Every structure is written in C-alpha cells, then in structure tokens.
Amino acid sequence: MMKRHSLSNKVRNSILAAILLQSVVFGIGLGVSGTFTSTVGRPYRVMESQTSEKNTLLSGNLNNALLITNNMGTEISRLSDEREIQNRLIDNLNHLSCASKIFYMDLDSREGYCFRDGEPAIYASGYGDITCSVGKLNSSYSIALSSQWQPKFQESSWQNGEMYWENQKTASQWLYKDGSLHYVITQTRDGHRRIMGLEVGAEILDSYMKLDDPPYKGMQMFLLTEDQVLYSADGRKTGLPYRMDQDRVILNDEGRSYAGVRSILQLYGHMESGAVYIAQVAEQSELSALSKDTVMMIVAIYGISVLIAIVFSYIVIYQLMRPLRKLREDIAGQNPQGVHFEQCGLSEIDDIHLAPNNMARRLEQSHSRYSLAMQAAGEMVGSFEYEGPGSRVKLSGSLKRLLDIPEEYTNGTNVVSYEDWIRLLAGMNKIDELEDGFWFEDSRNNLRAVSIRQQKEEHGVFGMVVDKTDAYMEIIRLRDLSQHDQLTGLYNAAYLRVKGQQLLDENPLRVNGLIFCDLDNLKYINDTYGHSTGDRYLQTMADLLRTMARGESAIPVRLSGDEFALFFYGYSSREEVEQKIRDGYEKRHAMTLPDGKEVQVNASIGLAFAQRESESMEELLKRADRAMYRIKRGEKNGIAVYGKSDEIE
C-alpha cells in the first residue's frame with residue numbers, strides 16, 4: 017500500500033526548500049556578480065567620476081594656455097620693438113583666464129618683463145588689474161603703457177629667475193615651483209638665451225580643484241607625481257609620500273589614513289617631474305564605515321525577507337488547504353452523479369475556469385501601472401516596442417511628441433509601420449559625445465537631441481528614448497568656445513589647423529588658397545585711443561572677413577593679436593579665388609574713432625595656394641605669411657600672391 021503524505025506538509029516543505037535554495041543561489045549570485053565588491057567600491061566610483069571631471073576641466077584650460085603661449089612665442093620671435101613685445105604679452109595675459117603671470121626674460125643680460133594679472137578670470141579691456149616688473153633682478157619699478165593704465169602694486173620676486181632654465185635640452189616644458197605651475201618655452205635670439213612662459217598660481221589651481229559639496233568626510237583634491245604629493249590646497253600635504261594599493265591611492269598624514277583614486281593629467285608638452293596625476297582622496301575610516309553599513313543593510317534586508325517568506329508560507333498553506341478541505345467535504349457529502357460545483361462557492365475551483373480572464377486583468381493592471389510611471393516621467397522619456405522587422409511599432413504618447421513624429425505616420429494612433437520607423441531613425445545624426453545619442457531638427461526647425469536604447473527580448477524588441485536636448489546644447493556651447501576667438505567670434509588658429517587640414521585632404525585636386533592678413537595701424541590706434549577702440553578695430557576687420565566668407569566655401573580665422581586668415585577650399589580656378597578676395601577687400605568700411613575721425617580698416621595681405629596634394633596647413637600658412645611680409649615691408653595695405661621671390665627669401 018502506497019504511503020500517504022499530508023498535502024500541507026508537502027507544500028510547507030517545498031516552500032522551505034525553495035527558500036533555502038534561494039538563499040544559496042542569492043549568496044552565489046552575490047559572489048559571482050561582484051555585488052558586494054561593487055557596493056564597497058561605490059565611493060571610489062564617485063571619486064573616479066569627480067576626478068575625471070576635474071581632469072577634463074584643468075587639463076583643458078592648461079592645454080589651451082599652452083597653445084596660446086606657443087603661438088605667442090612664435091609671434092614675439094618676429095618682433096624687435098620692445099614696446100610691441102610688451103603689448104603682445106599684456107594682451108595675451110588679459111585674455112588668458114587661467115594664467116596669473118606672463119614673463120619674458122633674457123637670461124644672459126638678466127633683464128626681462130614680468131606681468132601679473134590681479135583677476136585672471138575677468139577680462140578687463142583697460143588692463144587695470146595687471147601689474148608689472150621690468151629691469152635687473154635687483155630692480156623693480158612700475159610702468160604705464162597708456163594714460164588709462166596704471167599698475168596696482170609692484171612685483172619684485174626675481175631672485176630665483178634661473179630656475180626657468182632647467183633642462184635646456186627640452187624646448188618647452190611644465191614646471192611646478194613654489195606652489196605654482198609654470199609653462200616655459202626657450203628661445204635663442206641675437207646670441208642671447210631667452211625664456212617666455214606663464215604662471216598658473218595657487219589661487220587658480222585652488223579654483224579648478226575646489227570641491228563645492230564633498231560627499232565624504234576629509235575629501236580633498238591633489239596633484240601627484242609618481243611617489244609624492246605635488247600640490248595640495250592647504251599646502252600641508254605637499255611633499256608627502258603615498259603608495260598605490262592595486263588602483264587605489266593610499267596616503268597617511270598626522271595619524272589619519274586617506275584612500276582614493278588618481279587619473280593622469282592629460283597635458284600637452286613635457287612635465288619636468290614626469291607624469292602628473294590629479295587625485296581625490298577621503299578618510300579611510302569614512303569609506304570603510306560606508307561600506308560596512310551598506311553590507312549590513314543588505315544582510316538585514318535579506319534576513320527580513322527570508323523571515324517574511326517563512327511566515328507567508330504558513331499563511332499560504334492555511335489559505336490553500338482550507339478551501340480544499342471544504343471541497344473534499346462537499347464532494348464526500350454529495351452523490352457522485354449529482355456533483356455540481358458552480359453553486360459551491362469555492363473560489364479556488366472557480367479560478368480554474370476564470371484563470372485566463374484573471375491573467376488578462378492582471379496584465380491590464382500591470383500595463384496601467386507602467387503607463388502611469390511613463391506619464392510621471394513627463395515629456396522627457398518615451399518607449400517603443402515591436403515584434404520584429406516588418407511588424408508594426410507601438411509608441412508611447414510621450415515618444416510621439418518627443419520625436420515630433422508626423423501625424424500622417426500614425427493616423428491618430430500610437431502605431432507606425434516598421435518602414436516609417438526605420439525612415440525616422442535614418443533621418444537622425446549621431447552624436448559622438450553622447451552614448452547612443454542622436455540629434456535632429458523638428459518640424460519647427462528646433463534642434464533636438466535624444467538617446468535611443470533598445471534590447472531584444474524573447475517576444476520582440478523594447479526600447480527607451482530619453483530627451484538629451486539640454487545636454488547636447490551644452491556640448492555645442494563648449495565645442496563653440498573651444499573653436500572660436502572670444503573677442504571677434506571668428507574661428508581660432510587651433511580650429512583652422514585641424515579643420516583646414518581636413519578640408520585640404522578632402523579636396524586634393526581642387527584649388528585651395530589662404531590669405532594671411534596683418535592688420536595695419538593697430539598699435540597706433542591702441543596707443544592713441546585706447547585698447548577698447550583697438551578691439552573695435554579688430555572686430556571691424558573680423559566683420560570684413562566674415563562678409564567675404566559668407567556664401568563661400570571659406571573659413572574666417574583670427575590667428576592671434578592683429579593676425580587674421582581666410583581659407584578658401586574646393587574652387588575650380590585660382591583666378592576665381594583671387595578675384596573674390598580682391599572684390600571683397602575693396603568693400604571694406606571705415607570705422608568712426610572717439611574723436612569723430614573715420615579710419616578705414618587696412619591690412620597687409622599675403623595669398624598662397626596649395627601647390628601639391630600633400631600640402632599641409634602649416635606649410636600653406638608659412639607661404640602666405642611670407643607673401644604678406646612683402647607687402648608689410650613696402651607701402652602696406654595691399655595684396656601679394658606668393659611667388660618665386662618669396663621662396664628665395
């Protein structure tokens with residue numbers, strides 16, 4: 017005879033076995049997936065994110081200053097007038113937001129210039145926040161470059177001037193001295209050793225590396241070499257050694273232990289001390305406490321869930337067995353020929369017949385909850401799903417508005433054909449800076465950006481679309497700042513070298529030409545009417561180049577100071593390009609000066625054409641520059657085309 021078992025015991029034992037198995041699987045899953053490790057490492061991921069942001073900010077500004085300094089060095093190497101050299105140095109310092117000082121020194125005569133900006137982050141057209149030191153190492157006196165400019169205080173710290181000449185084999189390098197970061201380039205001119213560079217002071221480094229609202233106790237930002245602290249905001253930790261534990265920075269100071277992460281500073285140029293890292297640390301006791309609390313919370317939540325599951329299992333057994341016992345009693349008390357269950361009132365039996373309807377009702381409730389969640393997200397999030405290629409694509413209402421889908425695609429419904437869906441996606445443009453990002457213009461010609469992610473599931477494809485317009489507009493704004501000159505709005509030299517070279521490579525068999533413009537009389541206007549009028553003079557020249565480029569395949573550029581360029585690409589003949597240049601230059605306008613006089617914007621212009629398929633933008637700039645100097649040495653205010661006479665020079 018088969019041994020009989022209680023159904024309630026079977027159910028209870030099965031539930032308890034399932035709970036035990038769940039515990040084992042949960043523990044193995046935590047170990048394999050690294051959930052505990054991930055939880056413990058969360059503070060470090062936060063620090064990695066913030067360190068990456070600070071790295072991008074600091075290295076971006078320092079590299080921009082490096083490029084400006086190199087361009088300034090090239091420009092000054094061609095100047096002989098000391099006053100003009102001073103003007104170039106002051107003008108560049110005033111436009112540099114990350115430099116507190118610019119210096120230019122003759123190490124053999126031990127003479128030079130040192131200009132300090134009192135408020136580097138603020139552009140002052142009158143240079144009222146700049147101080148200056150000029151002369152021998154032991155002498156210091158103030159100078160005035162115009163009637164509107166006077167220094168606030170003097171600078172006399174020249175005793176360590178020779179430190180800028182360390183490692184003469186390196187043409188240019190970064191130095192860290194006395195709490196400040198310096199970038200130095202070397203020159204040999206008239207038999208004299210000269211150096212020029214800029215200083216990024218401690219107050220500027222502090223502003224870039226400041227943590228507004230640190231999430232963890234003792235959190236700080238440092239600059240590190242391979243084995244010690246190079247810079248700290250309070251100065252107390254400068255010079256402290258540290259060690260690496262796998263990929264973690266470990267630092268001990270005054271009985272406290274700090275841990276954090278580091279990221280190599282992406283600087284152009286050579287760093288005297290080798291690789292420099294930007295690092296963020298917090299007190300290890302704080303990090304350990306956070307990790308311990310998080311792990312204990314996970315264990316407590318799991319223990320409570322197991323306890324609830326056990327209690328719930330007994331409730332389930334009771335609720336399951338009670339109607340079954342009643343059903344057994346009813347069946348036992350009836351004639352088998354007259355069993356009729358519709359009137360017995362047993363919901364378990366009725367649910368067997370109503371299961372499909374109950375399932376549909378639960379699915380409808382789930383869909384309603386999902387719809388409410390999507391509505392709560394507003395117009396920023398939308399979703400879509402389809403079974404496969406050729407099937408119809410179901411859209412959420414917010415997605416129709418988010419992607420500005422034409423009404424003729426949907427015909428008043430939330431469904432589009434697969435072909436129309438693919439056509440909509442094909443009309444979007446990839447955004448390299450955003451993961452899964454795309455941009456498009458809506459029906460009102462407004463720029464929109466979204467991220468589109470989808471995953472293939474068992475019964476089809478499900479995707480989410482998130483509005484990224486604000487993030488993309490910020491990307492465009494930052495991209496525009498890095499590519500344009502702030503005073504004139506023209507493209508800058510760095511953009512010309514990259515984009516211009518790309519256009520040269522794309523048009524090797526077409527006519528490509530470049531004019532190099534040196535603005536005449538700028539120094540006279542600056543000295544006579546002040547630099548604000550000089551800035552208007554520069555902007556008037558920029559407007560002329562912008563007008564000449566309008567409707568043409570051309571890029572207007574301000575190279576530096578009073579030097580401009582206009583690059584024409586993809587034309588069929590040199591004559592066509594030259595005629596456009598001459599016609600455009602003849603249409604230049606006069607500018608009214610503060611005393612009521614009018615002065616016409618004049619420039620010495622050199623024109624050079626790309627001569628071969630492998631021509632580089634640097635070579636084209638040099639040849640146009642040589643042609644310009646032919647005009648500059650003559651009567652000025654003219655256009656010269658590069659020829660053999662320029663090659664001889």
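Under this note's numbering, read the sequence shown as residues 17 to 665, first letter to last.
Where is the CB? At the ideal position from N, CA and C, for every residue including glycine.
Small disclaimer: the values here were computed from a predicted structure and weren't measured.
With DSSP as the reference, identify every bridge partner of H198, one or two as the case may be.
Beta-bridge pairing links H198 to L191 and E215.
Which of helix, strand or coil DSSP assigns to S248: In this structure, S248 counts as strand in the three-state DSSP scheme.
Exercise. Taking G659 as the reference, give the member of E651, K648, R649 and R639 with the closest Cα.
Key: With respect to the C-alpha of G659, the residue from E651, K648, R649 and R639 having the closest C-alpha is R639.
query: Thinking C-beta only, is Q236 closer than 9 Å to Y274?
result: Against a cut-off of 9 Å, the Cβ pair of Q236 and Y274 comes out as a contact.
Rounded to whole angstroms, what is the Cα-Cα separation between F400 and G479?
So the alpha carbons of these two residues sit roughly 5 Å apart.
| query | Helix, strand or coil for E100 per DSSP? | reply | DSSP places E100 in the helix class (H, G or I) of the three-state scheme.
Query - A295 to F238 span [Cα, whole Å] - result: Cα to Cα, A295 sits roughly 5 Å from F238.
- Message: On the CB-based measure, 16 or more other CB atoms within 10 Å of its CB, does N528 come out buried or exposed?
- Response: Counting the other Cβ atoms within 10 Å of the Cβ of N528 gives 16 or more, which makes it buried.
Where T429 falls: helix, strand or coil (DSSP): Here DSSP, grouped into helix, strand and coil, assigns T429 to coil.
TODO: Put G600 into one of helix, strand or coil per three-state DSSP.
DONE: Three-state result, G600: helix.
| said: Going by beta-carbon coordinates alone, are S412 and G398 separated by less than 9 Å? | reply: For the pair S412 and G398, the CB atoms are nearer than the 9 Å cut-off.
Exercise. Which class does L609 belong to by DSSP, given the choice of helix, strand or coil?
Worked result: Annotated three-state conformation of L609 is coil, per DSSP.
Please look up how many angstroms separate the CB atoms of V297 and G271, rounded, as I've assumed it's under 8 Å. Distance from V297 to G271 at the Cβ level is roughly 15 Å; contact not present, criterion being Cβ atoms closer than 8 Å.
Spatial distance of Y434 from L441 (CA atoms): Straight-line Cα distance between these residues: approximately 11 Å.
query: In terms of residue numbering, what span does the beta strand (DSSP E) encompassing E614 cover?
result: If you look at E614, you'll find it in the beta strand (DSSP E) that goes E614 to Q616.
Quiz prompt | Cα-Cα separation, L418 to E490 | solution = One alpha carbon belongs to L418, the other to E490, and they sit about 19 Å apart.
Quick check on the DSSP output: the alpha helix (DSSP H) that includes G550 runs from which residue to which? Segment H547 to A565, the alpha helix (DSSP H) holding G550.
message: Strictly by DSSP, which residues pair up with I655?
response: In the DSSP output, where bridge partners are listed per residue, I655 has I621.
* Endpoints, the alpha helix (DSSP H) within which M260 is located -> Counting along the chain, M260 falls outside any alpha helix (DSSP H), though it belongs to the beta strand (DSSP E) covering R259 to D261.
Name the residue from S589, I541, A291 and L506 whose alpha carbon lies nearest to the alpha carbon of N618.
Measuring C-alpha to C-alpha distances from N618 to each of S589, I541, A291 and L506 identifies I541 as the nearest.
Next on the checklist: Considering only the alpha carbon of each residue, which of E591, W455, I326 and M607 lies closest to S30?
Outcome noted: For S30, the closest of E591, W455, I326 and M607 by C-alpha to C-alpha distance is I326.
Looking at the structure shown, is E451 part of a helix, part of a strand, or coil, going by DSSP? Annotated three-state conformation of E451 is coil, per DSSP.
Work out the CA separation of T241 and N103 for me, nearest whole Å.
-> Whole-angstrom Cα-Cα distance: 36 Å.
Leaving aside the five residues before and after G577 along the sequence, list all residues of the same chain whose C-beta is less than 7 Å from its C-beta, in chain order. Within the same chain, G577 has close Cβ partners E91, R104 and D107.
Q) Quick one: what's P572 bridged to in DSSP? A) Paired residue(s): L582.
What are the partner residues of V476, as DSSP defines its beta bridges?
Position check: residue 476 holds Gly in this sequence, whereas Val was assumed. Paired residue(s): E473.
Handout entry: Per-residue DSSP class, three states only, for K233
Key = In the three-state DSSP reduction, K233 falls in the coil class, being neither helix nor strand.
Which class does G650 belong to by DSSP, given the choice of helix, strand or coil?
-> Correct three-state label for G650: coil.
Neighbour-count burial assignment, M313, 16 or more Cβ in a 10 Å radius: M313 comes out exposed.
| Paired residues, beta bridge with I266 - DSSP | For I266, DSSP records a beta bridge to R259 and A275.
- prompt: For V514, is the classification buried or exposed, using 16 other Cβ atoms within 10 angstroms of its Cβ as the cut-off for buried?
  reply: Classification for V514: exposed.
Query raised in the report: If you pair each beta-carbon of the region 532-550 with each one of the region 464-479, do three or more pairs fall below 8 Å?
Result: With the cut-off at 8 Å, the region 532-550 and the region 464-479 do not touch.
C-alpha gap between L267 and N79, whole angstroms: Between L267 and N79, the alpha-carbon positions lie close to 29 Å from each other.
Identify the continuous alpha helix (DSSP H) that holds L520 and give its terminal residues. Counting along the chain, the alpha helix (DSSP H) containing L520 begins and ends at Q517 to E522.
> Cα-Cα, which of E219, E127, Q66 and A81 is closest to D229?
Replying inline: For the set E219, E127, Q66 and A81, the Cα lying nearest the Cα of D229 is the one of Q66.
task = Could you give the DSSP three-state label for Y284: helix, strand or coil?
result = Coil, per DSSP.
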